[in-house]
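S.K.:
There are 2 protein chains.
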Amino acid sequence: MGSAGEDQSHVDVLIVGAGPAGLMMATWLAKCGVKTRIVDKRGTKVFNGQADGLQCRTLEIFDSFGFGDRAWKEANHMLEICLWNPDSNGVLQRSARIADTIPGISRFQQVVLHQGRIERFFLDSLESCSDIRVERGVLPTKLELDESLVESPDAYPITVHLRHLSEAEATPTQTGTAANGSAIQDGLFRSNLTADDTAELTRASALDAKSNTEEVVKAKYMLGADGAHSWVRQQLGFTLEGESTDYIWGVLDIVPITNFPDIRMRCAIHSADSGSVMVIPRESKLVRLYIQLTTAAYNGGKRADRSKIDPDAILQAAQKIMAPYKISYRRLDWWTAYQIGQRVGTQFSAHERIFLAGDAVHTHSPKAGQGMNVSLQDSFNLGWKVASVVKGLADRSILKTYESERRKIAQDLIAFDHQFSRLFSGRPARDIMDEAGISMEVFKEAFEKGNMFASGIAVDYCASVIVAKETESNPVISTQELAPEIKLGKRIPSVKILSQADARPWHLQERLPSNGRWRVMVFAGDVTKPSQKEIIERLGAALDSKTSFLQRYKPAGAHYDSVIEVLTVHAAPRNQVDIFDFPEVFRPYDEIDGWDYEKIFVDDISYHEGHGRLYETFGINPEEGCLVVLRPDQYVSYVGRLDDYDAVDRFFSGFMVAQTAQ
Amino acid sequence: MGSAGEDQSHVDVLIVGAGPAGLMMATWLAKCGVKTRIVDKRGTKVFNGQADGLQCRTLEIFDSFGFGDRAWKEANHMLEICLWNPDSNGVLQRSARIADTIPGISRFQQVVLHQGRIERFFLDSLESCSDIRVERGVLPTKLELDESLVESPDAYPITVHLRHLSEAEATPTQTGTAANGSAIQDGLFRSNLTADDTAELTRASALDAKSNTEEVVKAKYMLGADGAHSWVRQQLGFTLEGESTDYIWGVLDIVPITNFPDIRMRCAIHSADSGSVMVIPRESKLVRLYIQLTTAAYNGGKRADRSKIDPDAILQAAQKIMAPYKISYRRLDWWTAYQIGQRVGTQFSAHERIFLAGDAVHTHSPKAGQGMNVSLQDSFNLGWKVASVVKGLADRSILKTYESERRKIAQDLIAFDHQFSRLFSGRPARDIMDEAGISMEVFKEAFEKGNMFASGIAVDYCASVIVAKETESNPVISTQELAPEIKLGKRIPSVKILSQADARPWHLQERLPSNGRWRVMVFAGDVTKPSQKEIIERLGAALDSKTSFLQRYKPAGAHYDSVIEVLTVHAAPRNQVDIFDFPEVFRPYDEIDGWDYEKIFVDDISYHEGHGRLYETFGINPEEGCLVVLRPDQYVSYVGRLDDYDAVDRFFSGFMVAQTAQ
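Sequences listed follow chains A and B, in order.
Residue 617 in full-length UniProt numbering sits at position 617 of the first sequence; the count goes up by one each step and never skips.
Residue 618 in full-length UniProt numbering sits at position 618 of the second sequence; the count goes up by one each step and never skips.
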């Protein structure tokens, strides 16, 4: 909560906005033990409607924070995309089936769950590991950044005034927020509340005792995750660049009563002349329909007459598009309407002190299910970097990679959405000569290509001080061919490995939780071969020396793996070695816990869950092995030889801060 | 809580004892909506120590109540058993490795988690689905059963006096309870508390306001799940029969500091002359050691001098057995000592009104990890039966199957434990001529055979009104050969199937949650074949008739699947049919929810999780199919032809009660 002076307090990081991007940031900082406040002007979290697609990469990230299983269990799983369009007689038919997630790219597949549940998982995670609590009904009113202090490590260059709202101010009439940020009055039915949200609702009616007061907060760093109309962005004078279009879409979340056979599949339905519908099956028997509104009244210009749009009008449009199938409903959970627009921010930070994330720097249409994912992943990229710098472990130079890495993603997203939306909104071509229409073959191909982007797995960060790709300036260059499938700049893929000590199978990524640690992955090869064993002995000696990077960057008194963790995966048969065959630095000793049994793994067959074949899958030669450095967010920094200790040392020297107490 | 008169209240079921067996019973009754109270004389639940092995069948059962994933995530997974014994020079060596769980028998494998967490999962489940709360510090003092009323459906033949203890009475000095029930003072270190137990501890300091009062409760049914010294059993005058032995064992739960390489495996270590150790690796870096105490002082007679037993003495015994490996510790979580004894109750119920479960009817040694599992499964067998009878859905005759089914299991358990304990406690044979010693080959074979029993999967219930095995008296006989691997009397095995409507893969058992429903599983075969389709149409018509068993046994106004649920798994290619190809009774219509998309499944390949091959695995001919009836606890009642509707109708007529309002 920040130790308060009279009306001024200090905090390391202040987050404005407690949607997914803000909560992700808070969770990272909580896991890393950074003093943080997070405020939101709304009186409660959201309970229904809103964004809801979860990419497989997002689920991997959730799993790294310990709640991937909750999302996986509660969500609706989407397995198949069905494309429907008119046959040669103009009658709607299913023309193709596509896997919704490309098989093999992740251990998770895309699922759907509404934003309120995602926020719940973050809130529970914050409660379980920190004192950070979302302060609701709190509005920032003034922001100052002292530019003379931005490069001083211990300074608090940011001053923010916060006003604590009264209850009435914090709980305005609920409105639907369109994807481009414009607020539209909607019908809101709280049919979908779950038990653990009840307490949240109760709390909302009794906001904090500071109601109607104002305070001043001094912060080292700040995140504006306050949505498309970002107040933080406005204070910084940054703008979004892009365009909007004429297309208006309605959204209905209903329990459908229909004889359309694919209503529980993700469907793209193009009618001959009445527009398109996208079907997104959801949890609790709900289905979300995105419905193109083609009636002239809605489309007279950039600002259509929205007062004419209501659930009945949207349903009628859907019925026309989906004919001859019937569709109606008795239960409506939420609805809204929006106009498509794609915009991206020119700058993602002010002096790497105040950052923007999520809708505050990119807006686009919701149909590809990307919005929440890209927003979450913005602050997933940023959180550990800010934590490392605040804690004095890393240099401020790593903060520049936030914009260089994430602005490109936002631009890719905008381009993807631009193409996808236009294909989706267009009328299907009647035949090959119909040039004004959209070819369904082109649409299907775009869908298939889009799936890779939409998975979140394709993200590939550029060369930087923390990604040792080949560039002119990088002092350390990787040897990618030692592990062709552990691609520099991308997240490490996951296969099953076994713990050497107890034979338990784990997915590799399960051993890479988000706790702020860098990982040195030692792919030791077949250590029953004397040559390989000797290499490992030498590497162990280098790592164990008093001046090794393991020692230099670890604060005095910190646990041996708190900054950089060494994990080993060897390729010898499991039953021919035990952990005591490895140098102690690979299985460190603690005087209370004994030897560490959780650091050494093997690529071998399991009793019940098959064989991960890691060396084969990643293309690593077991008679050579390799060393890989992973960032705290699972992205690959470096791939090199096991006997090139110096290169790894040089890599860390590029941005880590030696701990003087050493 | 029971609607109270002055000092007398009525309840459908009263449960005495809130350990695993009592909590399982309460959870069943909660899921079925039966008015229930559960009391326990202790002031809090347990927090460490105690039983901890979870069989794969127990995990399947937990999963059916919705918390299998919590146990699976928190538990330590044991994959391998290592046998250690002296080599020809008398030096300890690893002589064999065995899979801890037989591969393929379940989708879960045996894991370890302490009893306090299991109780937490049950308590959370009760809170989420009912008003039933454990009333702690409540002691029964008087029990009467009016035998003249035991056959009257609506009577309350049981009268119990309950005394509400003062705080001091309810929280005695914590003692370890030995497996044979004798209490032994122990050292208790609460190092292992988890966050969600903190509230429980707080609550314990403020027991209910009725402290030091007494009340009278009238109950229809009662369960004594009050442990080896069961007060309920004593009131009924029932006894346990069996024997105890001279062997004394010590138990240490420690974080070990050791160079023994298999400390994270389950190990059976036989020393040449110093006795045996069993190693059970646990969660939170803990390891449980069961250590045979051979010093004469402990073994002078049936009642050894336990005052000489403390953690140091037990550790010294372990060090002697495990030499030349070193073992010590800095953290001790819990310890106890016990003498092996095996006993089983002569009767499991009084007039099928008052039942006993768990340690109240069987005690044995803890080393096979069976105790909590068999206890839980006692009341898992009983709960739905009592609920069905209380709700007037089933005849009281089904209650007799509790004793006929569970007493045999208890006897098997005792026999298994008897053999296993003696093999484990014996000295290894020096050579083939050493007849006083135990052959390590015989021991390994016993271990391997024991694994099938210990999984809980082998349970095979005998013929009865609810298991249509061939007997002289049964009016309905199954045709087992239609599905040779869906064995009558055993739980149905599980393979992956796909939902027809959305292509999502599920494990079959995931579609069989514990909610009190009987299931008619229609294995419809290849419904694209006209002959098979015709059979399904005819079956649909029979099921849909006004007089079908689906209609007769459903209370007026109840949901269509609330008593008997029809689930279909067909064998046609998924993309050649949709749910509207099946008669409506297989995918019923609801005026608010539309058609039910969750009743029809297909045996086909999934996008990401392989092919379950159900028909092949279960031995069902897709050109014939079959119909299977499952009890609410997933055990197989009946297997028959799809065109023999009458046999199924006759089966249900044997014990179901027609709902007069029909």
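Here a beta-carbon is modelled for each residue, glycine too, at the ideal position from N, C-alpha and C.
From a predicted model like this one, the values you see are computed outputs, not experimental measurements.
For proline 311 (chain A), is the classification buried or exposed, using 16 other Cβ atoms within 10 angstroms of its Cβ as the cut-off for buried?
M.R.: Working through the first sequence from its first residue, we reach residue 311 (chain A) at position 311. Classification of proline 311 (chain A): buried, given that the 10 Å Cβ count is 16 or more.
S.K.: Kindly list the residues whose CB is nearer than 7 Å to the CB of histidine 77 (chain B), restricted to its own chain and excluding five residues on each side of it in sequence; keep chain order.
M.R.: For this step, residue 77 (chain B) is matched to residue 77 along the second sequence. So the list reads Gln109 and Val111, once near-sequence residues are dropped.
S.K.: Just the C-alpha distance for phenylalanine 586 (chain B) and leucine 488 (chain B), rounded to the nearest angstrom, thanks.
M.R.: As a first step, residue 586 (chain B) is located in the second sequence; it is residue number 586 there, counting from the start. As a first step, residue 488 (chain B) is located in the second sequence; it is residue number 488 there, counting from the start. Spanning the two alpha carbons is a distance of roughly 24 Å.
S.K.: Using DSSP with H/G/I as helix, E/B as strand and the rest coil, what is leucine 286 (chain A)?
M.R.: Translated into positions along the first sequence, residue 286 (chain A) becomes position 286. Three-state result, leucine 286 (chain A): coil.
S.K.: Does the distance from the CB of aspartate 226 (chain B) to the CB of alanine 350 (chain B) come in under 8 Å?
M.R.: Translated into positions along the second sequence, residue 226 (chain B) becomes position 226. Translated into positions along the second sequence, residue 350 (chain B) becomes position 350. Result no, Cβ atoms of aspartate 226 (chain B) and alanine 350 (chain B) do not sit closer than 8 Å.
S.K.: Use the C-beta contact count for histidine 364 (chain B): other C-beta atoms within 10 angstroms, 16 or more gives buried, fewer gives exposed.
M.R.: Start at 1 with the first residue of the second sequence, and residue 364 (chain B) comes out as number 364. Under this definition histidine 364 (chain B) is a buried residue.
S.K.: Excluding the 5 residues flanking aspartate 12 (chain B) on each side, which residues of the same chain have their C-beta closer than 6 Å to its C-beta?
M.R.: Within the second sequence, numbered from 1, the residue matching residue 12 (chain B) stands at position 12. Excluding positions up to five away in sequence, the list reads Val34, Lys35, Lys220 and Val390.
S.K.: What are the partner residues of asparagine 76 (chain B), as DSSP defines its beta bridges?
M.R.: Taking the second sequence and counting its residues from 1, the one referred to as residue 76 (chain B) is at position 76. Asparagine 76 (chain B) pairs with B:Val112.
S.K.: Per DSSP, which one or two residues make a beta bridge with glutamine 292 (chain A)?
M.R.: Within the first sequence, residue 292 (chain A) is the residue found at index 292, counting from 1. In the DSSP output, where bridge partners are listed per residue, glutamine 292 (chain A) has A:Trp249.
S.K.: Measuring only between beta-carbons, confirm whether valine 255 (chain B) sits less than 8 Å from chain A.
M.R.: The residue you call residue 255 (chain B) lines up with position 255 of the second sequence. It does; some Cβ of chain A falls within 8 Å.
S.K.: For the beta strand (DSSP E) containing aspartate 40 (chain B), name the first residue and the last one.
M.R.: Numbered from its first residue, the second sequence carries residue 40 (chain B) at position 40. Per DSSP, aspartate 40 (chain B) belongs to the beta strand (DSSP E) from 36 to 40.
S.K.: So phenylalanine 416 (chain A) contacts chain B; which residues on that side make the cut at Cβ distance below 7 Å?
M.R.: As a position in the first sequence, residue 416 (chain A) is number 416, starting the count at 1. Going along chain B, no residue has its Cβ under 7 Å from phenylalanine 416 (chain A), so there is no contact; the nearest lies around 23 Å.
S.K.: Rounded to the nearest angstrom, what separates aspartate 646 (chain A) and methionine 521 (chain A) at their Cα positions?
M.R.: Within the first sequence, numbered from 1, the residue matching residue 646 (chain A) stands at position 646. Within the first sequence, numbered from 1, the residue matching residue 521 (chain A) stands at position 521. So the two alpha carbons sit approximately 16 Å from each other.
S.K.: Sorted by chain position, which residues of the same chain lie with C-beta nearer than 7 Å to threonine 239 (chain B)'s C-beta, five sequence neighbours on each side aside?
M.R.: Within the second sequence, numbered from 1, the residue matching residue 239 (chain B) stands at position 239. Same-chain partners within the cutoff: Thr346.
S.K.: Can you list the residues of chain B that leucine 92 (chain A) reaches, using a CB-CB cut of under 8 Å?
M.R.: One-based indexing of the first sequence puts residue 92 (chain A) at position 92. The premise fails here: leucine 92 (chain A) is roughly 15 Å from chain B at the closest Cβ pair, so nothing lies under 8 Å.
S.K.: Compare the C-beta of phenylalanine 420 (chain A) against all C-beta atoms of chain B and say whether one is closer than 8 Å.
M.R.: As a first step, residue 420 (chain A) must be located in the first sequence, where it is residue number 420. No, phenylalanine 420 (chain A) does not count as interfacial toward chain B.
S.K.: Look at the Cβ atom of residue 663 (chain B), then the Cβ atom of serine 455 (chain B), and state whether they are nearer than 8 Å.
M.R.: With chain B represented from 1 up to 662, any question about residue 663 (chain B) goes unanswered, as that position is not in the structure.
S.K.: Report the rounded CA-to-CA distance for residue 670 (chain A) versus phenylalanine 447 (chain B), giving the unit in angstroms.
M.R.: Residue 670 (chain A) falls outside the range modelled here, since chain A spans only 1 to 662, and no answer is possible.
S.K.: Is the region 645 to 659 of chain B in contact with the region 495 to 504 of chain B, if contact means three or more CB pairs nearer than 8 Å?
M.R.: Contact between the region 645 to 659 of chain B and the region 495 to 504 of chain B is absent, because fewer than three Cβ pairs lie under 8 Å.
S.K.: Threshold first: 4 residues or longer. Then list the alpha helix (DSSP H) segments lying entirely within the region 361 to 440 of chain A, N to C.
M.R.: With a minimum length of 4 residues, the continuous alpha helix (DSSP H) runs that stay inside the region 361 to 440 of chain A are 371 to 390 and 400 to 425.
S.K.: With H, G and I counted as helix, E and B as strand and the rest as coil, what does DSSP make of cysteine 462 (chain B)?
M.R.: On the second sequence, position 462 is the one that residue 462 (chain B) refers to. The answer is coil: DSSP assigns cysteine 462 (chain B) none of H, G, I, E or B.
S.K.: Alpha carbon to alpha carbon, how far is tryptophan 518 (chain B) from valine 629 (chain B)?
M.R.: Taking the first residue of the second sequence as 1, we reach residue 518 (chain B) at position 518. Taking the first residue of the second sequence as 1, we reach residue 629 (chain B) at position 629. Straight-line Cα distance between these residues: approximately 7 Å.
S.K.: For the region 253 to 280 of chain B, list every residue whose C-beta sits within 7 Å of some C-beta in chain A, in sequence order.
M.R.: Listed by position, the residues of the region 253 to 280 of chain B near chain A (Cβ gap below 7 Å) are Val255, Pro256, Ile257, Thr258, Asn259, Pro261, Arg264 and Met265.
S.K.: The alpha helix (DSSP H) spanning aspartate 100 (chain B) covers which residue range?
M.R.: Counting from 1 along the second sequence, the entry for residue 100 (chain B) is found at position 100. Unbroken run through aspartate 100 (chain B): none, as it is neither H nor E.
S.K.: Can you find a CB in chain B that lies within less than 8 Å of the CB of lysine 73 (chain A)?
M.R.: Locating residue 73 (chain A) in the first sequence gives position 73, counting from the first residue. Yes, its Cβ sits closer than 8 Å to a Cβ of chain B.
S.K.: Keeping to the same chain, check which residues put their C-beta closer than 7 Å to that of serine 425 (chain B); ignore five residues upstream and five downstream.
M.R.: Your numbering for residue 425 (chain B) matches position 425 in the second sequence. Excluding residues within five positions, the ones whose Cβ falls inside 7 Å are Tyr247, Ser276 and Gln292.
S.K.: Tell me, which residues are paired with residue 663 (chain B) by DSSP?
M.R.: Because residue 663 (chain B) is not part of the residues shown, which for chain B are 1 to 662, the question remains open.
S.K.: With distance defined between alpha-carbon atoms, name the residue in A:Asp146, A:Val160 and A:Thr258 nearest to tyrosine 589 (chain B).
M.R.: Taking the first residue of the second sequence as position 1, residue 589 (chain B) is located at position 589. Selected option, being the one with the closest Cα: A:Thr258.
S.K.: For the putative contact between isoleucine 549 (chain A) and valine 648 (chain A), defined by C-beta atoms under 8 Å, what is the C-beta separation to the nearest angstrom?
M.R.: Within the first sequence, the letter at position 549 stands for residue 549 (chain A). Within the first sequence, the letter at position 648 stands for residue 648 (chain A). Reading off the sequence shown, one finds phenylalanine at residue 549 (chain A), where the question assumed isoleucine. The pair is a contact, with the Cβ atoms about 7 Å apart (cut-off 8 Å).
S.K.: Report yes or no: do the region 15 to 27 of chain B and the region 419 to 435 of chain B share at least 3 C-beta pairs separated by less than 8 Å?
M.R.: Cβ pair count under 8 Å is below three, so no.
S.K.: Using a 10 Å radius around the Cβ and a threshold of 16 neighbouring Cβ atoms, would you call arginine 330 (chain A) buried or exposed?
M.R.: Position 330 of the first sequence holds residue 330 (chain A). Label assigned to arginine 330 (chain A): exposed.
S.K.: Any idea what DSSP makes of serine 230 (chain B), helix, strand or coil?
M.R.: Numbered from its first residue, the second sequence carries residue 230 (chain B) at position 230. Serine 230 (chain B): coil per DSSP, three-state reduction.
S.K.: With 8 Å set as the bound, which would you pick, yes or no: does the beta-carbon of histidine 608 (chain B) sit closer than that to a beta-carbon of chain A?
M.R.: Along the second sequence, one-based indexing puts residue 608 (chain B) at 608. Interface residue, yes.
S.K.: Leaving out the 5 sequence neighbours to the left and right, which residues in its chain are closer than 7 Å to aspartate 7 (chain A) when beta-carbon positions are compared?
M.R.: Working through the first sequence from its first residue, we reach residue 7 (chain A) at position 7. Contacts found: Glu215 and Val216.
S.K.: Hey, how far is the Cα of methionine 440 (chain A) from the Cα of aspartate 434 (chain A)?
M.R.: For this step, residue 440 (chain A) is matched to residue 440 along the first sequence. For this step, residue 434 (chain A) is matched to residue 434 along the first sequence. C-alpha separation (whole angstroms): 12 Å.
S.K.: Taking valine 648 (chain A) as part of the alpha helix (DSSP H), name the residues at either end of that continuous run.
M.R.: Start at 1 with the first residue of the first sequence, and residue 648 (chain A) comes out as number 648. 645 to 653 is the span of the alpha helix (DSSP H), which, as asked, contains valine 648 (chain A).
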